[in-house]
Amino acid sequence: MATQTHDKTLVRLEVLPQQASRLTVDRSYPGRIEGVSLITSGPAAGHGFDVDRTTVEQVTEFAEGMRGRWTHSDLSADGLGRHLGRWQNVHSEPFLLCRTCGVEAHAQACPECGKEPTVAWRSVGDFAFDRTAYTIRPDGLDVPAPVYLMDRAEEDPRSLGISVVARFGFEAAEDAEVTRARIASRRDLLRGDWVADPAANPIGLHAGTDTPSELTEGAVRALDRIVARIGREQAKTRALAFLARYFGDAFEEEEHAEAALPEPELGALRARVDALRSELEALRQTVAAYRQAEEARRQEEGETFLAMLRTEAAALNAPIPAADLAKVEALLEAGDADTARLLGQAFLARSEALGQEPFQRGGVQPLAESHDAKKASVAARARVLRRRGWRVELSEDGTEIVSQIPPTGGGAA
Numbered sequence: 014m015a016t017q018t019h020d021k022t023l024v025r026l027e028v029l030p031q032q033a034s035r036l037t038v039d040r041s042y043p044g045r046i047e048g049v050s051l052i053t054s055g056p057a058a059g060h061g062f063d064v065d066r067t068t069v070e071q072v073t074e075f076a077e078g079m080r081g082r083w084t085h086s087d088l089s090a091d092g093l094g095r096h097l098g099r100w101q102n103v104h105s106e107p108f109l110l111c112r113t114c115g116v117e118a119h120a121q122a123c124p125e126c127g128k129e130p131t132v133a134w135r136s137v138g139d140f141a142f143d144r145t146a147y148t149i150r151p152d153g154l155d156v157p158a159p160v161y162l163m164d165r166a167e168e169d170p171r172s173l174g175i176s177v178v179a180r181f182g183f184e185a186a187e188d189a190e191v192t193r194a195r196i197a198s199r200r201d202l203l204r205g206d207w208v209a210d211p212a213a214n215p216i217g218l219h220a221g222t223d224t225p226s227e228l229t230e231g232a233v234r235a236l237d238r239i240v241a242r243i244g245r246e247q248a249k250t251r252a253l254a255f256l257a258r259y260f261g262d263a264f265e266e267e268e269h270a271e272a273a274l275p276e277p278e279l280g281a282l283r284a285r286v287d288a289l290r291s292e293l294e295a296l297r298q299t300v301a302a303y304r305q306a307e308e309a310r311r312q313e314e315g316e317t318f319l320a321m322l323r324t325e326a327a328a329l330n331a332p333i334p335a336a337d338l339a340k341v342e343a344l345l346e347a348g349d350a351d352t353a354r355l356l357g358q359a360f361l362a363r364s365e366a367l368g369q370e371p372f373q374r375g376g377v378q379p380l381a382e383s384h385d386a387k388k389a390s391v392a393a394r395a396r397v398l399r400r401r402g403w404r405v406e407l408s409e410d411g412t413e414i415v416s417q418i419p420p421t422g423g424g425a426a
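Numbering (my numbering), first residue to last: 14 to 426.
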């Protein structure tokens with residue numbers, strides 16, 4: 014029975030070189046490298062634990078969407094990285110590995126030594142570059158980092174490696190002196206970073222490196238935030254000045270131009286910033302005034318339209334019912350003026366169909382022309398709606414609208 018410790022150790026596994034036969038480069042912007050090995054089963058040299066199939070499957074489970082950085086070893090034996098993209102389509106797979114010479118085999122005998130290979134496991138995925146990665150141009154490169162990595166993947170894939178950083182727990186088997194690494198949750202798998210010029214490690218084995226500390230990881234995150242806020246050059250100047258003061262050394266590097274501005278220029282910049290803030294506030298007030306005026310205009314037009322409906326319907330001696338006018342008013346308040354006008358015109362057409370000559374006291378009143386008032390009202394509404402593009406169906410006797418479908422983008426009456 015295996016015993017498991019809940020203590021977690023931050024570990025960087027470096028470096029897993031890539032195989033030429035596996036990698037595929039897709040240069041359609043922003044680009045991706047497919048078929049990349051993140052981790053393989055085997056002893057993690059220098060760390061004192063093994064990566065087994067379970068470890069590989071845990072990495073596979075948690076690696077989807079994991080971040081990847083450009084990394085180089087110049088900060089406390091750990092990588093100072095810049096974000097390149099994320100991992101996608103991660104899956105685990107078995108393969109044959111000769112443990113004697115560290116060569117992947119494709120038959121029942123090692124192509125180098127002829128010995129029988131064993132079954133190993135690896136986690137394989139695609140790395141999709143972010144558009145922002147094209148702003149990264151590490152020292153010594155004349156092309157952006159994604160272009161450089163895709164070139165290397167095509168020309169010399171073994172010069173590239175993947176470094177997995179994770180907080181591992183450990184499980185020890187009672188019947189063997191073997192400690193196996195375990196990853197409990199997605200948040201414990203931090204990154205899968207790109208490392209250029211890895212050591213020539215045999216496939217399936219990870220070279221041990223100094224374990225990055227929580228302090229180092231925190232310092233990296235803090236430096237990343239500072240660089241994002243004030244820029245790389247000014248951040249570098251401040252960091253070097255801090256180290257010089259700490260160790261009591263003189264720091265003679267010229268101050269960054271922005272940090273060494275003469276007081277008059279600094280005052281002019283501050284005045285310009287204040288002026289821009291005032292202009293921005295004035296623009297905000299102007300926009301607010303325009304919006305207020307537009308709202309007042311919309312309300313005035315709505316009230317004018319409602320008054321017109323009441324007046325014309327009354328002149329026809331067939332007022333529009335208050336409930337119907339309320340429907341039109343609700344649409345106007347909701348900002349759907351087109352539907353409100355369409356509905357109002359339909360109600361007015363109904364009033365025209367039902368209209369009677371005004372009653373004249375003391376005179377002879379002719380009877381209205383004989384017709385089915387309800388049928389005429391429904392027909393009038395249907396005509397108006399159809400002119401507006403609505404699909405209208407009437408009952409067989411023509412006294413009821415049984416279906417009315419508005420045009421695309423319209424509203425129902």
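Virtual Cβ for every residue (Gly too), placed ideally from N, Cα, C.
>> Just to confirm before moving on: does the CB-CB distance between VAL38 and LEU51 stay below 8 Å?
In response: Result no, Cβ atoms of VAL38 and LEU51 do not sit closer than 8 Å.
> What did DSSP end up calling ILE429 once you bin it into helix, strand or coil?
Replying inline: Only positions 14 to 426 of the chain appear in the structure, and residue 429 is not among them; the question remains open.
> Per DSSP, ALA389 is paired with what?
Replying inline: According to DSSP, which records beta bridges pairwise, ALA389 is partnered with nothing at all.
> Would GLU117 be called buried (16 or more neighbouring beta carbons within 10 Å of its own) or exposed?
Replying inline: Buried: at least 16 other Cβ atoms inside 10 Å.
>> Please report the straight-line C-alpha distance between ALA353 and GLN247, rounded to a whole angstrom.
In response: Cα-Cα distance, rounded: 60 Å.
> Is ASP237 helix, strand or coil by DSSP?
Replying inline: It is helical.
> For THR224, which three-state DSSP category applies?
Replying inline: For THR224, the predicted model reports a pLDDT of 44, less than 50, meaning its position is unreliable and no value from the coordinates is stated.
> To which residues of the same chain is GLU266 closer than 7 Å at the C-beta, ignoring the five residues directly before and after it?
Replying inline: Confidence in GLU266 is poor, its pLDDT being 48 and thus under 50, which makes the residue's placement unreliable; the coordinate value appears in the next sentence. Correct list, in chain order: THR250, LEU253.
> Looking only at DSSP bridge pairs, what is GLY138 linked to?
Replying inline: Per the DSSP secondary-structure output, GLY138 pairs in a beta bridge with VAL49.
>> Tell me the DSSP secondary structure of VAL160 in three-state form.
In response: Reduced to three states, the DSSP call for VAL160 is helix.
> Ordered along the chain, which non-local residues of its own chain (more than five positions away) have a Cβ less than 6 Å from that of VAL397?
Replying inline: The residues are GLN358, ALA359, ALA362.
>> Just to confirm, is the Cβ distance from ARG82 to ARG204 under 8 Å?
In response: Closer than 8 Å, so yes.
>> Considering Cα atoms alone, identify which of PHE75, ARG112, THR84 is closest to VAL103.
In response: Looking at the Cα atoms, PHE75 is the closest of the given residues.
> How many angstroms separate the CA atom of ARG80 from the CA atom of CYS114?
Replying inline: Between the alpha carbons of ARG80 and CYS114 lies a gap of roughly 32 Å.
> Considering only C-alpha positions, which residue in the set ASP287, SER364, GLU70 is nearest to MET321?
Replying inline: Per the Cα distances, SER364.
>> At the level of alpha carbons, what is the spacing between LYS388 and LYS340?
In response: Straight across, the Cα-Cα distance linking LYS388 with LYS340 is about 22 Å.
>> How far does the alpha helix (DSSP H) with ALA350 in it extend, from its first residue to its last?
In response: If you look at ALA350, you'll find it in the alpha helix (DSSP H) that goes 350-367.
> Applying the criterion that 16 or more other CB atoms from any shown protein chain within 10 Å of the CB defines a buried residue, is ILE418 buried or exposed?
Replying inline: Burial call: exposed.
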